[in-house]
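So for the sequence shown, our numbering puts the first residue at 29; every next one is plus one. For reference, the structure is listed below as structure tokens.
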Amino acid sequence: MNEEPESHLEVSISAEVEAGQYANFASVWHTRDGFVLDFAVITRPPQLADDPQSGQRILSVPTRIVSRIRLPPSQVFELMKALEQQLTAYEKETGHKV
């Protein structure tokens, strides 16, 4: 048998990226080619405003995208599995259910 060897990623990260970006809001959407994850921060307190299209009162929440990640469809399931594993570990370690 001719089995393929197991892959091991050798990951490196620059000092500029290592600190990460704080985000308190995320939006997920897709196109035909893949999925997009937008991570954002709320920049000011929400305030009531009039929607220019409908004229209705809305709660306007000003945000700024700090990072946009594009994923091929093949990676979305792997990301979901990794998030589930990490969430389970977090809940076990802290006792906090999210």
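The beta carbon of each residue, even a glycine, is placed where N, CA and C say it ideally should be.
Any beta-carbon of chain C closer than 8 Å to the one on Ala-47? Of the protein chains in the structure, only one exists, and it is not chain C.
I'd like to confirm the pairing. Which residues does DSSP put opposite Phe-67 in its beta bridges? Bridge partners of Phe-67: Ala-54 and Ser-95.
Quick check: the Cα distance between Ser-55 and Gly-48, rounded to an integer number of angstroms? Their Cα atoms are separated by approximately 18 Å.
Range of the contiguous beta strand (DSSP E) that encloses Leu-87: 85-88 is the span of the beta strand (DSSP E), which, as asked, contains Leu-87.
For Arg-96 versus Thr-71, is the C-beta spacing smaller than 8 Å? It is not a contact, given that the beta carbons lie outside the stated cut-off.
Comparing alpha-carbon positions, which option in Asp-66, Leu-107 and Pro-73 lies nearest Tyr-50? The shortest Cα separation from Tyr-50 among Asp-66, Leu-107 and Pro-73 belongs to Asp-66.
I'd like to confirm the pairing. Which residues does DSSP put opposite Gln-75 in its beta bridges? Per DSSP, Ser-88.
Do Leu-115 and Val-104 come within 8 Å of each other at the CB atom, strictly closer than that value? In this structure, Val-104 sits away from Leu-115, with a CB-CB distance that is not shorter than 8 Å.
Tell me whether Ala-68 is buried or exposed, calling it buried when 16 or more other Cβ atoms sit within 10 Å of its Cβ. Result: buried.
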